[in-house]
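Those letters in the sequence shown? Residues -28 to -1, 1 to 344, by mature numbering (1 follows the signal peptide of the UniProt record, and there is no 0).
Inspection log for the structure reproduced underneath, given as structure tokens.
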Amino acid sequence: MAFTLSFSSSLFCLLGILFLHRATVISGCFSMEREALLDFKAGIHDTRNRLSSWTGHHCCTWKGVACDTTTGHVVMLDLRNTNITDDRALRGERMNSSLLALSHLEHLDLSFNDFSGIRIPEFISSFKKLRYLNLSSTKFMGGIPARVGNLSSLYVLDLGSNLFNGSMPSSIGKLSNLTVLYLGGNSLAGVISEVHFENLTRLQVLDLSYNPINISIGQSWVPPFQLRFVDLTKCQLGPQFPEWLQFQTQIQELYLADCKIAGTMPAWFWNISSSTIVFLDLSNNQIGGKLPSSFHSTKLERFHLESNRFEGPLPMMLPATLDTLFLSNNSYTGQLPIWPYVRFVSISDNMLDVWMIQNFMIDGEKKYIKYL
């Protein structure tokens, strides 16, 4: 009898807990998570009332908030400013640590808002389930916390176009699930080596552009990843052409403009570019040599080679896919071939046998060619 009463009592308590849990989910969201969101809102200047829906108990229906349909926990906070031409940015002078109550958060996007003058809080590294973190164009400043390497579930890390300085934490190299890494448009300095990439086996997108960083990687290094998008514009990459690129056989877009690369283009480069690359920018370097005879067999759509040291005659045939070609400020000689498919060409400041600038028609379509 005692066992029956004890069992019945335990069952009643369990059913009561389940009922309260279900009632909490039905009523909107967990009270602790709702209070955390309201504390966050209290620290935000919302001049355009973008968070006007953040009232009542049903926080899972608030704009920018999404909850797991099974557990009821908040899993997404998407407050990105989608209208950057209008002054609709949320402005914050701090990020309330009450957000730690959102322990099930998987997606956090605050991009194109204004957190001018504050640093990324250290507690950001406590979101162990976070898979997507986008703080781009938010005016965060200071260093990138080394503890960001604790976000082991992260697939996307976008900290681009901010005011970050200091070095890129080597702990980022521990993010073995990372697929997308955007750090471009900051003031990051120091040296980046193989250590920063050692466990990034899933990385496909790498953007470190417009940072005065020195990418110092050994010529024998074999990357653990296969990149599809690479932007290292204005990084200190040269003077040698980065040999590790020869192992990247899936790149579609490659931007190496103004990277202080010098010397002759290695032969292997044209082998990888012929198979997958569609956008290629090597402008503003000191690269010399000639375009290979196989250049026409590439799949390039846009090719920027201006302000280098290429020489010899221009290729008679171009890739049939090519739309935009910039070859200005090199040392090309000879005559200008007829290129019937390309739409935009810049070949100024070479030593070609041309003397006029004009627009002309081919097959009923206007071509824009800058000769001089």
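Beta carbons are placed, not taken as given, at the ideal position from N, Cα and C, and that holds for glycine.
I'd like the span of the beta strand (DSSP E) that includes residue i, first residue to last.
{"i": "D253", "result": "251 to 253"}
{"i": "A61", "result": "Unbroken run through A61: none, as it is neither H nor E."}
{"i": "H79", "result": "79 to 81"}
{"i": "P285", "result": "281 to 285"}
{"i": "D230", "result": "Unbroken run through D230: none, as it is neither H nor E."}
{"i": "C39", "result": "37 to 39"}
{"i": "L129", "result": "128 to 130"}
{"i": "I259", "result": "258 to 261"}
{"i": "N137", "result": "135 to 139"}
{"i": "D86", "result": "That residue, D86, is in no beta strand (DSSP E); it is neither H nor E in DSSP."}
{"i": "T296", "result": "296 to 298"}
{"i": "D203", "result": "201 to 203"}
{"i": "V317", "result": "316 to 318"}
{"i": "M48", "result": "46 to 50"}
{"i": "V152", "result": "152 to 154"}
Could you check where the alpha helix (DSSP H) with residue i kicks off and where it finishes?
{"i": "M4", "result": "3 to 14"}
{"i": "A239", "result": "239 to 245"}
Taking only three categories from DSSP, how would you classify residue i?
{"i": "R66", "result": "coil"}
{"i": "L324", "result": "strand"}
{"i": "E225", "result": "strand"}
{"i": "Q176", "result": "coil"}
{"i": "R274", "result": "strand"}
{"i": "A(-6)", "result": "With a pLDDT of 35 at A(-6), under the threshold of 50, the modelled position of that residue is not reliable, and no figure is offered here."}
{"i": "L105", "result": "strand"}
{"i": "R119", "result": "helix"}
{"i": "G162", "result": "coil"}
{"i": "I310", "result": "coil"}
{"i": "H268", "result": "helix"}
{"i": "G145", "result": "helix"}
{"i": "S303", "result": "strand"}
{"i": "H168", "result": "helix"}
{"i": "Q212", "result": "coil"}
{"i": "I56", "result": "coil"}
{"i": "I92", "result": "coil"}
If we call anything under 8 Å between Cβ atoms a contact, is residue i one with residue j?
{"i": "N273", "j": "T248", "result": "A quick correction: the sequence has Glu, not Asn, at residue 273. Not a contact, by the Cβ cut-off of 8 Å."}
{"i": "N137", "j": "L160", "result": "yes"}
{"i": "D179", "j": "G132", "result": "yes"}
{"i": "L62", "j": "D18", "result": "yes"}
{"i": "I96", "j": "P117", "result": "yes"}
{"i": "N158", "j": "N122", "result": "no"}
{"i": "G64", "j": "G15", "result": "yes"}
{"i": "T221", "j": "G261", "result": "no"}
{"i": "L9", "j": "V47", "result": "no"}
{"i": "K35", "j": "L49", "result": "no"}
{"i": "L77", "j": "F112", "result": "no"}
{"i": "residue 345", "j": "T205", "result": "This structure does not reach residue 345, given that the chain is present from -28 up to 344, and the question cannot be answered."}
{"i": "S266", "j": "W242", "result": "yes"}
{"i": "P184", "j": "F219", "result": "no"}
{"i": "R119", "j": "E94", "result": "yes"}
{"i": "E225", "j": "F251", "result": "yes"}
{"i": "T110", "j": "N85", "result": "yes"}
{"i": "Y104", "j": "L72", "result": "no"}
Assuming residue i contacts residue j under a Cβ cut-off of 8 Å, what Cβ separation, rounded to an integer in Å, is found between them?
{"i": "P211", "j": "A234", "result": "4 Å"}
{"i": "L82", "j": "L102", "result": "Actually they are not in contact, since the Cβ atoms of L82 and L102 sit about 13 Å apart, beyond 8 Å."}
{"i": "N171", "j": "K146", "result": "6 Å"}
{"i": "L254", "j": "L228", "result": "5 Å"}
{"i": "V177", "j": "F201", "result": "4 Å"}
{"i": "H268", "j": "P291", "result": "6 Å"}
{"i": "R6", "j": "C31", "result": "4 Å"}
{"i": "I223", "j": "I244", "result": "7 Å"}
{"i": "S300", "j": "R281", "result": "About 13 Å separates the two Cβ atoms, so there is no contact after all."}
{"i": "L324", "j": "L308", "result": "6 Å"}
{"i": "L129", "j": "M140", "result": "Actually they are not in contact, since the Cβ atoms of L129 and M140 sit about 11 Å apart, beyond 8 Å."}
{"i": "H168", "j": "S192", "result": "Wrong, their Cβ atoms sit about 17 Å apart, outside the cutoff."}
{"i": "F213", "j": "P238", "result": "6 Å"}
{"i": "residue 358", "j": "V317", "result": "In the structure displayed, the chain extends from -28 to 344; residue 358 sits before or after that span and is not available."}
Say yes only if the C-beta of residue i is nearer than 7 Å to one or more non-hydrogen atoms of the ligand GDP, and no if none qualify.
{"i": "W311", "result": "The ligand GDP is not part of the structure shown, which contains no ligands of any sort."}
Does the contact criterion of 3 or more C-beta pairs under 8 Å hold for the stretch 38 to 46 versus the stretch 84 to 97? no
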